[in-house]
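Colleague: Each residue of the sequence shown is one higher than the last, beginning at 19 in this note's numbering.
This is the structure, below, for whatever I ask next.
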Amino acid sequence: MSLTGTPFFVTAVLMAALAVTVPLFLWHKVDGPVVVRGAVRFGMVLLAQAAAVVAVFVAVNNANGLYDNWGDLLGTASHVGAAPDLGVDGTGGRGVSGGPRVKQTFVPVDDSGMGPGVRVTHLTGRVSGADGEVYVWLPPQYSDPAFKAKDFPVVEILPGYPGSAKDWFSNLDVNRQLRPLMAKGEVKPFILVAPRTSLLGGEDTGCANVPGVVDADTWLSVDVRKMVSDNFRAETGARGWGVAGISAGAHCAAKLAIEHPDRYRAGVALSGYNDPAAESDSITANDPVLRRETNPLWILTHAKHPPRTSLFLTGQHGDGYEDGLALRKAAKAPTKVWVQRTYGGHLNVVWKPLLPEVFRWLSGRLSGVQDVRGGLHAHGGSGGAAALQAPGSQRPPLRHESRHP
19 MSLTGTPFFV TAVLMAALAV TVPLFLWHKV DGPVVVRGAV RFGMVLLAQA AAVVAVFVAV
79 NNANGLYDNW GDLLGTASHV GAAPDLGVDG TGGRGVSGGP RVKQTFVPVD DSGMGPGVRV
139 THLTGRVSGA DGEVYVWLPP QYSDPAFKAK DFPVVEILPG YPGSAKDWFS NLDVNRQLRP
199 LMAKGEVKPF ILVAPRTSLL GGEDTGCANV PGVVDADTWL SVDVRKMVSD NFRAETGARG
259 WGVAGISAGA HCAAKLAIEH PDRYRAGVAL SGYNDPAAES DSITANDPVL RRETNPLWIL
319 THAKHPPRTS LFLTGQHGDG YEDGLALRKA AKAPTKVWVQ RTYGGHLNVV WKPLLPEVFR
379 WLSGRLSGVQ DVRGGLHAHG GSGGAAALQA PGSQRPPLRH ESRHP
């Protein structure tokens with residue numbers, strides 16, 4: 019039975035109910051010596067507690083998209099067939115768009131919780147050696163005859179760790195939120211791409227290339243990117259590509275956008291961090307060199323030239339906000355950085371209402387298809403910051419805080 023979804027959740031709840039109810043009827047019917055009766059009753063209590071814990075875990079997992087399957091949960095699943103040394107640019111000398119076309123078969127997802135229009139394929143990366151599912155959602159304009167000759171902008175959307183590639187659809191409702199905004203012309207018709215990021219059993223890759231272990235950077239920025247361009251009417255240049263993430267995925271998004279301005283023109287990091295050690299399970303956290311060289315702030319300050327990319331960073335105090343300010347302070351033209359303070363915790367309920375403004379901002383930074391109205395800062399130019407709160411928090415509404423010089 020699948021770890022996620024309604025059937026397993028209902029089963030877990032029923033088992034928990036039985037584990038609590040049955041002892042009520044059997045408690046005084048247990049025969050035997052005192053020791054035996056005590057052991058049986060103690061076992062029933064433990065079973066009831068374990069069943070309750072399982073039911074709560076399943077509910078939390080479904081609500082937060084932590085683990086997709088039993089292999090992810092138990093740490094036994096690996097999605098790395100090989101991890102060659104691909105050099106500084108992570109392409110192994112093949113370039114971002116080199117090699118034969120990658121043709122994939124997509125099928126509609128069987129998870130209604132992801133909303134309409136999501137399709138999935140299983141990709142084996144020809145360059146990275148990694149493999150996994152990739153979910154794709156096409157905007158309403160994609161099938162419109164008026165747009166048949168148009169290439170569409172793309173945003174890769176990354177979950178946290180542990181996290182499922184389904185998360186942005188299942189828990190943040192990104193497609194449900196954006197579809198009406200696209201129909202009204204308030205945001206550009208982005209192709210949304212959600213690749214698997216949990217490639218190692220029980221470890222966070224940090225979206226890094228570590229020869230002999232995993233080439234997660236290349237999986238996301240080369241293999242997935244090329245597959246999308248080869249199978250859909252998608253922009254191929256960096257100006258039509260963005261990357262967005264939450265939590266550990268936010269760390270990845272900032273890292274990828276800063277490190278690869280030739281592949282991404284914009285990055286969005288919701289409650290991210292710079293120091294990889296913020297995620298104790300990250301493979302980049304325990305190696306001093308990797309920890310330093312995969313830190314987005316270090317990458318930015320040690321770039322040969324300031325990257326031509328834009329960053330939109332959010333977080334509350336102690337959870338991404340200060341890291342965003344550090345990136346903004348270090349940024350030099352043409353790098354542009356917006357920092358926005360949030361309230362309410364490290365939760366989907368905080369990130370979810372940010373998405374309309376996030377994609378309005380992306381609409382002003384990525385090329386493709388059409389111009390749209392509005393945006394977080396319609397004047398372009400310098401970056402700014404505003405404070406947002408989660409529903410129910412006792413904070414003031416939007417107010418401007420600071421600007422990038």
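For every residue, glycine included, the Cβ atom is placed at its ideal position computed from N, Cα and C.
Just so you know, these numbers come straight off a predicted model, no measurement behind them.
1) Under DSSP, the alpha helix (DSSP H) around residue 347 begins and ends at which residues?
2) Using 8 Å as the threshold, is the C-beta distance between residue 176 and residue 267 below it?
3) Can you tell me whether residue 103 is buried or exposed? The criterion is at least 16 other CB atoms within 10 Å of its CB, across all chains shown.
4) Take residue 312 and list the residues in its own chain whose beta-carbon comes closer than 6 Å to its own, dropping the five residues that flank it on each side.
5) Measuring straight from C-alpha to C-alpha, what distance separates residue 370 and residue 146?
6) With DSSP run on the structure shown, which of helix, strand or coil describes residue 399?
7) Looking only at its own chain, which residues have a Cβ that is under 8 Å from the Cβ of residue 66, when we skip the five neighbours before and after it?
8) For residue 356, is the classification buried or exposed, using 16 other Cβ atoms within 10 angstroms of its Cβ as the cut-off for buried?
9) Over the uninterrupted alpha helix (DSSP H) stretch that includes residue 330, give me the two end residues.
10) DSSP three-state label for residue 392, please.
11) Who are the near neighbours of residue 171 in its chain, counting only those whose CB is closer than 6 Å to its CB and skipping five residues on each side?
12) If you count every other CB in all the chains shown that lies within 10 Å of the CB of residue 126, and 16 or more means buried, which is it?
13) Give me the Cα-Cα distance between residue 197 and residue 333, rounded to the nearest whole angstrom.
14) Would you decide whether residue 101 is buried or exposed? Buried here means 16 or more other CB atoms lie within 10 Å of its CB.
15) Less than 8 Å between the beta carbons of residue 286 and residue 256, yes or no?
16) How many Å lie between residue 273 and residue 289 at the Cα?
17) I believe residue 163 touches residue 200 by the beta-carbon criterion, under 8 Å. Please report the beta-carbon distance rounded to the nearest angstrom.
18) In the structure shown, what three-state DSSP assignment does residue 138 receive?
19) If you count every other CB in all the chains shown that lies within 10 Å of the CB of residue 352, and 16 or more means buried, which is it?
20) Take residue 188 as the anchor and find which of 382, 235 and 367 has the nearest alpha-carbon.
21) Output yes or no for whether 8 Å exceeds the beta carbon distance between residue 215 and residue 108.
22) Helix, strand or coil: which one does DSSP assign to residue 381?
23) Taking the alpha carbon of residue 149 as the point to measure from, which residue in 218, 190, 137 and 115 has its own alpha carbon closest?
24) Is residue 144 near residue 120, with beta carbons less than 8 Å apart?
25) What is the DSSP secondary structure of residue 115, counted as helix, strand or coil?
26) Whole angstroms is fine: what's the gap from residue 60's alpha carbon to residue 128's?
27) Which value, in whole angstroms, describes the spacing of the CA atoms of residue 300 and residue 221?
28) Below 8 Å on the Cβ atoms is my guess for residue 173 versus residue 210; work out the distance and round it to an integer in Å.
29) Excluding the 5 residues flanking residue 117 on each side, which residues of the same chain have their C-beta closer than 8 Å to its C-beta?
30) Sort 269, 228 and 264 by Cα distance to residue 98 and report the nearest one.
31) Please state whether DSSP places residue 56 in a helix, a strand or coil.
32) Name the two residues that bound the continuous alpha helix (DSSP H) containing residue 315.
33) Quickly, what does DSSP pair residue 218 with across the bridge? List them, please.
34) In chain order, what residues of the same chain lie with their CB nearer than 8 Å to the CB of residue 317, ignoring the 5 residues before and after it?
35) With DSSP run on the structure shown, which of helix, strand or coil describes residue 185?
36) Could you tell me the distance, in whole angstroms, from the CA atom of residue 344 to the CA atom of residue 319?
Modeller: Let's see:
1) On the sequence shown, position 329 is the one that residue 347 refers to. Counting along the chain, the alpha helix (DSSP H) containing residue 347 begins and ends at 339-348.
2) In the sequence shown, the residue the question calls residue 176 occupies position 158. In the sequence shown, the residue the question calls residue 267 occupies position 249. Result yes, Cβ atoms of residue 176 and residue 267 sit closer than 8 Å.
3) Within the sequence shown, the letter at position 85 stands for residue 103. Burial call: exposed.
4) Here residue 312 refers to the residue found at position 294 of the sequence shown. So the list reads 224, 226, 294 and 302, once near-sequence residues are dropped.
5) Taking the first residue of the sequence shown as position 1, residue 370 is located at position 352. Taking the first residue of the sequence shown as position 1, residue 146 is located at position 128. Computed Cα separation, rounded: 31 Å.
6) The count along the sequence shown starts at 1 and reaches residue 399 at position 381. Since pLDDT at residue 399 reaches only 35, below the 50 mark, its modelled position is unreliable, and the value read off the structure follows with that caveat. Residue 399: coil per DSSP, three-state reduction.
7) Residue 66 sits at position 48 when you count from the first residue of the sequence shown. Only 34, 37, 38 and 41 meet the Cβ criterion.
8) Within the sequence shown, the letter at position 338 stands for residue 356. By the 10 Å Cβ count, residue 356 comes out buried.
9) Along the sequence shown, one-based indexing puts residue 330 at 312. Premise fails: residue 330 lies in the beta strand (DSSP E), 328-333, not in any alpha helix (DSSP H).
10) Translated into the one-based positions of the sequence shown, residue 392 becomes position 374. Because the pLDDT of residue 392 is 44, which lies under 50, any placement of that residue in the model is unreliable, and the number read from its coordinates should be weighed accordingly. Three-state result, residue 392: coil.
11) To locate residue 171, count along the sequence shown from 1; it is residue 153. Once the five neighbours on either side are set aside, the close Cβ partners of residue 171 are 206, 208, 253, 258, 384 and 386.
12) Taking the first residue of the sequence shown as position 1, residue 126 is located at position 108. So residue 126 counts as exposed.
13) Here residue 197 corresponds to residue number 179 of the sequence shown, with the count starting at 1. Here residue 333 corresponds to residue number 315 of the sequence shown, with the count starting at 1. Cα-Cα distance, rounded: 26 Å.
14) Within the sequence shown, residue 101 is the residue found at index 83, counting from 1. With 16 or more other Cβ atoms within 10 Å, it is buried.
15) Counting from 1 along the sequence shown, the entry for residue 286 is found at position 268. Counting from 1 along the sequence shown, the entry for residue 256 is found at position 238. Going by C-beta atoms, residue 286 is not nearer than 8 Å to residue 256.
16) Position 255 of the sequence shown, counted from the first residue, corresponds to residue 273. Position 271 of the sequence shown, counted from the first residue, corresponds to residue 289. When rounded, the distance between both Cα atoms is 14 Å.
17) Walking along the sequence shown from the start, residue 163 turns up at place 145. Walking along the sequence shown from the start, residue 200 turns up at place 182. The Cβ separation is near 17 Å, so there is no contact.
18) Translated into the one-based positions of the sequence shown, residue 138 becomes position 120. Correct three-state label for residue 138: strand.
19) Here the question's residue 352 lines up with position 334 in the sequence shown. So residue 352 counts as exposed.
20) To locate residue 188, count along the sequence shown from 1; it is residue 170. Among 382, 235 and 367, the Cα nearest to that of residue 188 is on 367.
21) For the purposes of this step, residue 215 is taken as residue 197 along the sequence shown, with counting starting at 1. For the purposes of this step, residue 108 is taken as residue 90 along the sequence shown, with counting starting at 1. Against a cut-off of 8 Å, the Cβ pair of residue 108 and residue 215 comes out as no contact.
22) Counting from one through the sequence shown, the residue named residue 381 turns up at place 363. It is helical.
23) For this step, residue 149 is matched to residue 131 along the sequence shown. It is 218.
24) For this step, residue 144 is matched to residue 126 along the sequence shown. For this step, residue 120 is matched to residue 102 along the sequence shown. For residue 144 and residue 120, yes; Cβs fall inside 8 Å.
25) Taking the sequence shown and counting its residues from 1, the one referred to as residue 115 is at position 97. Note: residue 115 maps to coil in three-state DSSP.
26) Here residue 60 refers to the residue found at position 42 of the sequence shown. Here residue 128 refers to the residue found at position 110 of the sequence shown. Residue 60 and residue 128: Cα-Cα distance of roughly 41 Å.
27) In the sequence shown, the residue the question calls residue 300 occupies position 282. In the sequence shown, the residue the question calls residue 221 occupies position 203. Their backbone Cα atoms lie some 6 Å apart in a straight line.
28) By 1-based counting over the sequence shown, the position of residue 173 is 155. By 1-based counting over the sequence shown, the position of residue 210 is 192. Between residue 210 and residue 173 the Cβ distance is about 6 Å, and since that is below 8 Å, they are a contact.
29) Within the sequence shown, the letter at position 99 stands for residue 117. Within the same chain, residue 117 has close Cβ partners 144, 145 and 244.
30) Position 80 of the sequence shown, counting from 1, holds the residue named residue 98. Per the Cα distances, 228.
31) Working through the sequence shown from its first residue, we reach residue 56 at position 38. Looking at residue 56 - three-state DSSP - the assignment turns out to be helix.
32) To locate residue 315, count along the sequence shown from 1; it is residue 297. 314-319 is the span of the alpha helix (DSSP H), which, as asked, contains residue 315.
33) The count along the sequence shown starts at 1 and reaches residue 218 at position 200. Answer by DSSP bridge pairing, in chain order: 221.
34) Numbered from its first residue, the sequence shown carries residue 317 at position 299. Correct list, in chain order: 273, 276, 277 and 311.
35) The sequence position of residue 185 within the sequence shown is 167, counting from 1. Residue state, collapsed to three classes: helix.
36) Mapped onto the sequence shown, residue 344 falls at position 326. Mapped onto the sequence shown, residue 319 falls at position 301. When rounded, the distance between both Cα atoms is 11 Å.
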